[in-house]
Amino acid sequence: MPPPSRSLLWLGLVLGAVCASRGPAAPGNATDPLNVLLIIVDDLRPSLGCYGNKLIRSPNIDQLASRSLLFQNAFAQQAVCAPSRVSFLTGRRPDTTRLYDFNSYWRVHAGNFSTIPQYFKENGYVTMSVGKVFHPGISSNHSDDSPYSWSVPPYHPSSEKYENTKEFQKLYPLENVSLAPDPQVPTGLPLVAYNPWMDLRQREDIQALNLSVPYGPIPADFQRKIRQSYFACVSYLDTQVGRLLSALDDLQLASSTIVALTSDHGWALGEHGEWAKYSNFDVTTRVPLMFYVPGRTAPLPVEGEKFFPYLDPFDSVSEVPEPGRQTGDLVELLSLFPTLAGLAGLRVPPRCPIPSFHMELCREGRNLLKLFEDHGEEEEPHVRSNPRELVAYSQYPRPADSPQWNSDKPSLEDIKVMGYSIRTVDYRYTVWVGFNPQEFLANFSDIHAGELYFVASDPLQDHNVYNDSQGGTLPQSFMP
Ligand SMILES: *[C@@H]1O[C@H](CO)[C@@H](O)[C@H](O)[C@H]1NC(C)=O
Ligand SMILES: *[C@@H]1O[C@H](CO)[C@@H](O)[C@H](O)[C@H]1NC(C)=O
Ligand SMILES: *[C@@H]1O[C@H](CO)[C@@H](O)[C@H](O)[C@H]1NC(C)=O
Ligand SMILES: *[C@@H]1O[C@H](CO)[C@@H](O)[C@H](O)[C@H]1NC(C)=O
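Every letter in the sequence shown is one number past the one before it in numbering that gives the first Met the number 0, and letter 318, counting from 1, is 317.
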């Protein structure tokens, strides 16, 4: 293996952070190999200043966005941790990793697929994992996929001691915390689509509310408290990102390091009467996604000047800066693998054949490199391709046609129905079809229910018009 000249640092932030780094590098030469710092936030929906949220204080992530290409329409392939992480870290859809729950390791259960960090490691990088990158447990062989993905053993301490840190709630006085604009279960929603948020119900304070199962609702003042806590977590997380990027500055690495920030999936905070993840709606599948590429998405840092100065969310609010560039293209988290490889100058893995269980290295996602091309100063900063041709796929399994105790997180053997969902710039369309977990086979002639929401007339997905559209023209080809 060539001597390590580059390094790759993977950072999992469970709405909290830790960090590690390497020594200073020669700054600024465009032909120098680039380091990669990937920040994966757990459960973070795009409730951030840079995504237009006026309440949230996220100055450090907003600053990163102002030097980045920001994706307005990025979607996870399944709205739950382990399946999403294994999917984007291997660059394969859940139907290829065969992980829809938490209970198997893809290398023995599906195929010996390469991961993003493994690919970088095999190309001369030193790769390091801090915090939650792979989901812990059997889905990463109780080792965060060590040794295959990492040059040094992953650093994955418990973050539970930070659980009750409350000072960030002061940023969000309860009277300023709004409720979800659409707390009703959508009209025409098929029962199979609803996730009954059972893990929330297991909390003592929620049990004391005597909520009815499966719909609740949670009393408004308690909803406000949940939202306040989530927003406080976002601001706390933002300070950790700020400290990390400020350290990158101090080490003079901002000119030689690609920084990407994303999340494993979104999170419902009362929208549709739902909480947590576990569904196919935008609110749980849509994720923040941004890439800072030195000299490409922003001019190279000037030596001696702070490029990512730490910003305190408690300081008085200033204007949220514009993203460096942004795009409305529909993209999938699957694109991380080819895009990071391409941005770092590595060969982009070939497209996967179907099926690809036998192939260790290939990618199912689109390479987004073209969107980083510099179109010159005159052109508007909003990057354009042909958004109408693009789709993002997500899926969610259910154990039954109506909500029950394990609807949020069915084990593989209990899966009876799979909801396949496509999001285009114009609509979200989902079909719930029979699924055989022994054969991993979806039966598209066994349709249990459907959902269709139009973006222009129903951006929050509150009115399912699938049944109105039966017999009309529906989106044609469904599988990727
Ligand atoms: C899986 O891939 C890893 C990394 O390339 C390799 O070390 C290992 O031998 C492979 N395992 C099998 C069973 O092929
Ligand atoms: C999973 O971990 C166990 C225990 O460390 C090890 O013996 C086994 O080889 C690992 N599986 C793979 C596929 O590497
Ligand atoms: C809460 O809302 C009030 C009224 O809009 C505003 O003046 C105040 O700054 C807000 N507080 C915080 C901490 O954002
Ligand atoms: C919940 O039910 C218990 C037992 O029936 C009762 O004592 C308690 O007051 C109820 N709590 C609320 C918030 O309604």
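A virtual CB, placed ideally from N, CA and C, is assigned to each residue, including glycine.
Burial state of residue i, where buried means 16 or more other Cβ atoms lie within 10 Å
| i | result |
| --- | --- |
| proline 195 | buried |
| glycine 272 | buried |
| glutamine 437 | exposed |
| histidine 155 | buried |
| valine 301 | exposed |
| alanine 267 | buried |
| asparagine 466 | exposed |
| glutamine 201 | exposed |
| threonine 472 | Low confidence applies here, because threonine 472 scores a pLDDT of 48, under 50, leaving its location unreliable and the question unanswered by this model. |
| isoleucine 353 | exposed |
| aspartate 204 | exposed |
| serine 157 | exposed |
| valine 212 | exposed |
| threonine 164 | exposed |
| leucine 173 | exposed |
| histidine 447 | buried |
Cβ-based neighbour list, residue i, same chain, cut-off 6 angstroms, excluding 5 preceding and 5 following
| i | result |
| --- | --- |
| leucine 389 | Asp328 and Leu329 |
| histidine 462 | Thr186 |
| leucine 459 | Asp181 |
| aspartate 407 | Asn194, Met197 and Tyr277 |
| serine 401 | Leu190 |
| serine 420 | Asn279, Ser393 and Thr429 |
| serine 67 | Met289, Phe290, Tyr291, Thr296 and Gly323 |
| lysine 305 | Asp248 |
| glycine 433 | Asn442 and Asp445 |
| glycine 449 | Val430 and Tyr465 |
| tyrosine 235 | Phe167 |
| aspartate 100 | Ser410 and Leu411 |
| glycine 341 | Val347, Asn366 and Leu368 |
| leucine 244 | Phe307 |
| isoleucine 60 | Leu47, Asp237 and Val240 |
Counterpart residues of residue i in DSSP-defined beta bridges
| i | result |
| --- | --- |
| serine 393 | Ser420 |
| proline 293 | Ala297 |
| serine 262 | Val40 |
| leucine 268 | Trp274 |
| glycine 449 | Val430 |
| leucine 288 | Thr261 |
| arginine 242 | Answer is none; arginine 242 lacks a bridge partner. |
| valine 464 | Its beta-bridge partners do not exist; DSSP assigns none. |
| threonine 256 | Asn34 |
| phenylalanine 307 | Paired residues: none, contrary to the question. |
| glutamate 331 | Phe74 |
| threonine 186 | His462 |
| arginine 362 | Arg350 |
| leucine 345 | Looking at the DSSP assignment, leucine 345 forms no beta bridge with any residue, so it has no partner. |
| asparagine 435 | Leu440 |
| tyrosine 154 | Val129 |
Rounded distance between the beta-carbons of residue j and residue i, thought under 8 angstroms
| i | j | result |
| --- | --- | --- |
| tyrosine 171 | alanine 231 | 6 angstroms |
| serine 255 | leucine 33 | 6 angstroms |
| alanine 81 | histidine 134 | 4 angstroms |
| threonine 126 | tryptophan 105 | Wrong, their Cβ atoms sit about 18 angstroms apart, outside the cutoff. |
| arginine 226 | valine 151 | With a Cβ gap of about 39 angstroms, arginine 226 and valine 151 do not count as contacting. |
| serine 57 | valine 316 | In fact, because the Cβ distance is near 11 angstroms, the residues do not count as touching under 8 angstroms. |
| leucine 332 | serine 148 | 17 angstroms between Cβ atoms; not a contact. |
| valine 132 | isoleucine 39 | 6 angstroms |
| glycine 364 | proline 320 | With a Cβ gap of about 29 angstroms, glycine 364 and proline 320 do not count as contacting. |
Neighbourhood of residue i by C-beta distance below 7 angstroms, restricted to the same chain and skipping five residues each side
| i | result |
| --- | --- |
| tyrosine 426 | Leu451, Tyr452, Phe453 and Val454 |
| alanine 179 | Leu268, Gly269 and Glu270 |
| valine 282 | Arg44, Gly265, Ala267 and Glu270 |
| tryptophan 404 | Met197 |
| asparagine 102 | Ile137, Ser410 and Leu411 |
| arginine 550 | The requested residue 550 is not part of the displayed model; the chain covers only 0 to 479. |
Same chain, Cβ closer than 8 angstroms to residue i, neighbours up to 5 away in sequence not counted
| i | result |
| --- | --- |
| arginine 397 | Val191, Ser406, Pro409, Ile414, Lys415, Val416, Met417, Gly418 and Trp431 |
| phenylalanine 439 | Asp94 and Arg97 |
| glutamine 183 | His271, Gly272 and Asp461 |
| glutamate 359 | Gly110, Asn111, Phe112 and Ser113 |
| aspartate 143 | Ser128, Val132, Phe133, Pro135, Trp149, Pro153 and His155 |
Taking only runs of the alpha helix (DSSP H) that begin and end inside the segment 84-144, which ones reach a length of at least 4 residues, in chain order?
You should have 93-96, 105-108 and 115-121.
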